[in-house]
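Peer 1: Numbering of the sequence shown is given in this note's numbering, commencing with residue 2 and proceeding in unit increments. Built from N, CA and C at the ideal position, the CB exists for glycine as well. Since we're looking at a predicted model, the values are computed, not measured.
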Amino acid sequence: MTSAIPVSQARISAIGTHVPERVLTNRDLERLVETSDEWIVQRTGIHERRIAANDEFTSDLCVKAVENLVERHQVRLADIDFVIVSTATPDAPFPSVASQVHHRLGLSRTAGAIDISAACAGFVHGLNMANALITSEQCRKVLVIGAETLSKITDYTDRTTCILFGDAAGAVLVEHDSKEPSFIRSVSTTDGSAGIHLYCSGIADRIGGKPILRNGKLVQNGREVFKIAVHTLVREIPPLLAEEGLTPGDLDLFVPHSANIRIIEAVCSRIGIPMEKVLFSATRYGNTSSASIPLALKDGMDAGKLKRGDLVLLSGFGGGFVHTSTLIRWTI
2 MTSAIPVSQA RISAIGTHVP ERVLTNRDLE RLVETSDEWI VQRTGIHERR IAANDEFTSD
62 LCVKAVENLV ERHQVRLADI DFVIVSTATP DAPFPSVASQ VHHRLGLSRT AGAIDISAAC
122 AGFVHGLNMA NALITSEQCR KVLVIGAETL SKITDYTDRT TCILFGDAAG AVLVEHDSKE
182 PSFIRSVSTT DGSAGIHLYC SGIADRIGGK PILRNGKLVQ NGREVFKIAV HTLVREIPPL
242 LAEEGLTPGD LDLFVPHSAN IRIIEAVCSR IGIPMEKVLF SATRYGNTSS ASIPLALKDG
302 MDAGKLKRGD LVLLSGFGGG FVHTSTLIRW TI
């Protein structure tokens with residue numbers, strides 16, 4: 002599904018992030034499983050990741066990310082209309098993380114709250130939902146948060162997955178602005194047949210009719226995920242840009258989900274985006290799923306790489322298998 006948004010009324014106006022205090026380095030992982038710092042860096046680009054405390058959960062990271070947003074931009078939360086949280090690691094199946102964040106931030110009873118489950122594509126899905134709510138005049142201000150405590154579902158005896166994942170949260174404020182909207186065009190795709198390649202077991206004992214490992218931990222077929230991610234983005238990004246009369250060379254920055262540097266290098270080489278235009282957060286934080294794109298955006302701003310007016314492509318891809326890419330004009 003490709004959608005043009007010529008009458009978008011929504012602007013991204015503020016951003017904040019939070020990561021837990023504990024750092025888990027590649028050297029630390031060498032003492033847990035058979036691996037090495039050199040092997041991890043070469044194959045993933047990851048040097049370290051942050052790990053939540055035993056009594057620290059996704060809602061806690063969300064609240065701290067919003068507090069960072071408020072501190073950075075001096076914005077008011079009293080008039081928030083809706084809270085959207087993207088997460089694959091909610092505190093509980095219900096109540097939603099969004100409702101817990103709503104309560105802890107002291108928001109109005111008239112403000113809505115919802116969790117969305119779209120794995121690593123969830124944050125960009127959340128942005129598109131916020132744009133739709135605002136452009137359709139249902140809301141004026143929406144908080145979009147991507148947050149994960151993936152360490153709580155990571156099997157630290159599995160050397161193929163435990164080297165990848167970390168915990169973090171990122172939040173943005175999307176608000177009504179008809180004069181300087183952020184959103185230009187988006188595309189979303191789904192391949193449910195690939196769900197068996199990346200999952201965390203729950204109630205069912207199978208996915209797509211195929212039996213799964215029921216250990217309550219994250220399970221990934223890295224080789225298949227790599228192929229699906231590269232194929233999907235290479236197929237979908239050029240047409241999305243072409244519909245706006247653009248080429249990959251017109252982008253100021255490309256911000257894909259920071260899963261693995263090798264995936265991103267493969268995508269960029271095939272569609273012609275220099276790696277110098279990529280914002281990548283996994284080097285310091287690991288694969289943080291829903292949080293990886295806001296982490297990259299915030300760090301890019303702080304480093305002076307991401308500037309107001311930049312043409313930016315956000316691309317989320319992950320378990321489902323789901324994908325969404327959104328072309329925006331950076332407006333902070």
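In whole angstroms, what is the alpha-carbon distance linking residue 154 and residue 162?
Peer 2: Distance between the alpha carbons of residue 154 and residue 162: 10 Å.
Peer 1: Measuring only the C-alpha atoms, how far is residue 76 from residue 262?
Peer 2: Answer to the nearest angstrom: the Cα atoms are 34 Å apart.
Peer 1: Return the first residue and the last residue of the alpha helix (DSSP H) that residue 39 is part of.
Peer 2: 38-45
Peer 1: Report the rounded CA-to-CA distance for residue 49 versus residue 156, giving the unit in angstroms.
Peer 2: So the two alpha carbons sit approximately 17 Å from each other.
Peer 1: On the premise that residue 115 lies in contact with residue 133, defined as a C-beta separation below 8 Å, what is that separation, rounded to the nearest angstrom?
Peer 2: Not confirmed; about 13 Å, so no contact.
Peer 1: How would you call residue 54, buried or exposed, if buried means at least 16 neighbouring beta carbons within 10 angstroms?
Peer 2: exposed
Peer 1: Residue 53 lies in the alpha helix (DSSP H); which residues open and close that run?
Peer 2: Careful: residue 53 lies outside any alpha helix (DSSP H) and carries neither H nor E.
Peer 1: Could you please give the first and the last residue of the uninterrupted alpha helix (DSSP H) stretch that includes residue 101?
Peer 2: Counting along the chain, the alpha helix (DSSP H) containing residue 101 begins and ends at 98-105.
Peer 1: Determine, using beta carbons only, whether residue 165 and residue 294 come nearer to each other than 8 Å.
Peer 2: no
Peer 1: Mind checking which residues open and close the beta strand (DSSP E) that includes residue 342?
Peer 2: The question about residue 342 has no answer here: the residues shown for the chain are numbered 2 through 333.
Peer 1: Using CA atoms only, rank isn't needed, just tell me which of 331, 290, 314, 299 is closest to residue 321.
Peer 2: 290
Peer 1: Measure the CB-CB distance between residue 11 and residue 111 and report whether it falls below 8 Å.
Peer 2: no
Peer 1: Looking at the structure shown, is residue 135 part of a helix, part of a strand, or coil, going by DSSP?
Peer 2: Three-state result, residue 135: helix.
Peer 1: For residue 150, tell me which candidate among 313, 20, 327, 8 has the shortest Cα-Cα distance.
Peer 2: 20
Peer 1: Check whether the stretch 173-193 touches the stretch 314-328, counting contact only when three or more Cβ pairs, one atom from each stretch, lie closer than 8 Å.
Peer 2: yes
Peer 1: Relative to the C-alpha of residue 332, which candidate in 184, 300, 238 has its C-alpha closest?
Peer 2: For residue 332, the nearest C-alpha among the options comes from 184.
Peer 1: Pull up the distance between the alpha-carbon of residue 328 and that of residue 187, whole angstroms please.
Peer 2: 6 Å
Peer 1: Pair every Cβ in the stretch 250-257 with every Cβ in the stretch 279-289, then say whether three or more of these pairs are closer than 8 Å.
Peer 2: yes
Peer 1: I need the DSSP call for residue 140, collapsed to helix, strand or coil.
Peer 2: coil
Peer 1: Whose CA, out of 189, 130, 217, 167, lies closest to the CA of residue 175?
Peer 2: 130
Peer 1: How big is the Cα-Cα spacing for residue 211 and residue 205?
Peer 2: 11 Å
Peer 1: Cβ atoms of residue 117 and residue 63: under 8 Å apart, would you say?
Peer 2: no
Peer 1: In chain order, what residues of the same chain lie with their CB nearer than 6 Å to the CB of residue 14, ignoring the 5 residues before and after it?
Peer 2: 174, 176
Peer 1: Between residue 1 and residue 217, what straight-line distance do the alpha-carbon atoms span, to the nearest angstrom?
Peer 2: Lying before the first or after the last residue shown, residue 1 is absent from the chain, which here runs from 2 to 333.
Peer 1: Return helix, strand or coil for residue 286, following the three-state DSSP convention.
Peer 2: helix
Peer 1: Report yes if the CB atom of residue 87 is closer than 8 Å to the CB atom of residue 127, and no otherwise.
Peer 2: yes
Peer 1: Quick check on this structure: which residue in 251, 305, 267 has the alpha carbon closest to the alpha carbon of residue 314?
Peer 2: Comparing Cα-Cα distances from residue 314 to each of 251, 305, 267, the minimum goes to 251.
Peer 1: Within this structure, are the beta carbons of residue 268 and residue 214 separated by less than 8 Å?
Peer 2: no
Peer 1: Taking the beta strand (DSSP E) that residue 63 belongs to, which residues open and close that run?
Peer 2: Boundaries around residue 63 are those of the alpha helix (DSSP H), 59-74, since no beta strand (DSSP E) includes it.
Peer 1: The beta strand (DSSP E) that contains residue 296, what's its start and end?
Peer 2: Note, residue 296: premise wrong, no beta strand (DSSP E); alpha helix (DSSP H) at 293-303.
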